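First up is the structure itself, then whatever we jot down about it.
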Amino acid sequence: MKKTILAAAVLGSVTLSAHAQSSVTLYGLIDAGISYVNHARAGTGHDDLVKYDDGVASGSRWGLRGTEDLGGGLKALFVLENGFNSGTGALGQGGALFGRQAFVGLSQNGVGSLTFGRQYSFSTDFLGGSYSTGSQTAAGNYAYHINDVDQLTSSRINNAVKFTSANFSGFTFGGLYGFSNQAGAFAGAPATGTTAAPVAGSSRTYSFGANYANGPVSVGAAYTDIRYPSQAAPAFSTTLANVPAANVATGNIRDLRTFGVGGRYAIGAATLWALYTNTRFEAISGAASTFTAYDVGAKYQFTAALNVGAGYTYMHLGDATKGHWNQADLSVDYNLSKRTDVYALGIYQLASGRNGTQDVQAQIGSSTSFFGPSGPGADNQLAFRVGVRHRF
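Add 1355 to a position in the sequence shown, counting from 1, and you land on the number used in our numbering.
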């Protein structure tokens, strides 16, 4: 009897220990505020707009993440992350329940993790998350490049298998492949001619990246190739400020290839960063186009609660349009607590270039319904925003 009781007690302690080494965490973020933008509608008036806007400094989301210790440094892990609009309650990312992230996998201490599901490309992980003005300041999604065509913030890849290395003295690297899940289309949907339409759902992706961070210095690089980006669900945006060129129109892109390199340096209370991206659009019909972007910026931490950030971005479309966009932003962010902050920002963009009879228009951010109306638009745009952001 004593042996039985002792065995039960030992077994119970092992079970409790195993449970203690597993965890599931509920987390999230809500970002809401009021925005003003001029030249918000195409036409003669170029009307101003004041609106409630969601997810500007950071996209609103909630999620679950969990780990289970399997012993010997091996862990099981998962992430389910939902995006939503706080103003309407609507799902983001094309209405997907877990449109931001949904993956499961294994990680091994000293080696890295292998995960399966809907996941970020390394252009988002290494570049957008560390070296862009959008990630470094409260300017957020207004400061990212037009429609995020270089995949810095919204590059979520379906059906992806992803390896991310452990941290080796500051150095990390990884690779990702996103399956098209179309028969006979391992490398993307086949086309029988230059005008052949892609197969629905035929988008496939591969992405690679590397990053080094040591003390105040960090540098990173990433490459992402997306075959038929308009056929993903939800589709990747490839529209550039309503430039009326068939080779950069949504639905006409055979291949989107983007490469970037960035760096960041912290000195005292100041942080400096710079980023370069080069994105090539290979058209199903028509000539290829190249979109380049250059970011520089700085942030200063005046107090533990208050920081001010500023950035400048130059963007150029290298096709017959010869579109140019110059953009400057300034933001102030004040932390009320570790979880809640309030912020204000201003951003201005000036566009130039012409394709036939239509001028290239200004378009701040990645929301085409707000900043990118159809038809002729203005060559400049100014936006202001005040918001509150809460993490839980």
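Idealized CB from N, CA, C, for every residue including glycine. Just so we're clear, the structure is a prediction, and the values are computed from it rather than from any experiment.
Considering only Y1486, F1528 and G1652, the residue with the shortest C-alpha distance to F1518 is F1528. Taking the Cα of I1501 as reference, the smallest distance to any Cα among G1570, Q1718 and R1744 is reached at Q1718.
Judged by DSSP secondary structure, T1593 falls outside any beta strand (DSSP E); it is assigned neither H nor E. In this structure, K1430 is the residue among K1430, S1377, T1695 and F1636 with its C-alpha nearest to the C-alpha of L1469. From the listed residues T1658, N1633 and A1629, the smallest Cα separation to G1666 is found for A1629. The three-state reading of DSSP puts N1496 in helix, counting H, G and I together.
For R1746, the pairing in a beta bridge is given by DSSP as L1384. Annotation for G1444: no alpha helix (DSSP H) segment contains it, and DSSP assigns it neither H nor E. The Cβ-Cβ distance between S1478 and T1613 falls below 8 Å. In the structure shown, V1603 falls within a helical segment according to DSSP collapsed to helix, strand and coil. With contacts defined as CB atoms closer than 8 Å, A1576 and A1565 qualify as a contacting pair. For L1452, the three-state secondary structure derived from DSSP is coil. Look at the region 1650-1723 and you find these whole runs of beta strand (DSSP E), each 3 residues long or longer: 1661-1672, 1678-1690 and 1695-1707. For the set A1498, D1610 and G1450, the Cα lying nearest the Cα of A1648 is the one of A1498. The straight-line gap separating the alpha-carbon atoms of G1678 and V1715 is approximately 6 Å. Excluding its 5 nearest sequence neighbours in each direction, N1514 has C-beta neighbours in its own chain below 7 Å: G1533, F1534 and N1536, listed in chain order. Boundaries cannot be given for S1509, as no alpha helix (DSSP H) includes it and DSSP labels it neither H nor E. For G1489, the uninterrupted alpha helix (DSSP H) segment begins and ends at T1488 to Q1491.
DSSP places F1534 outside both helix and strand once states are collapsed to three, so it counts as coil. With a cutoff of 8 Å on beta-carbon distance, R1694 and V1411 are scored as not near each other. For L1429, the uninterrupted beta strand (DSSP E) run begins and ends at L1429 to G1438, by DSSP.
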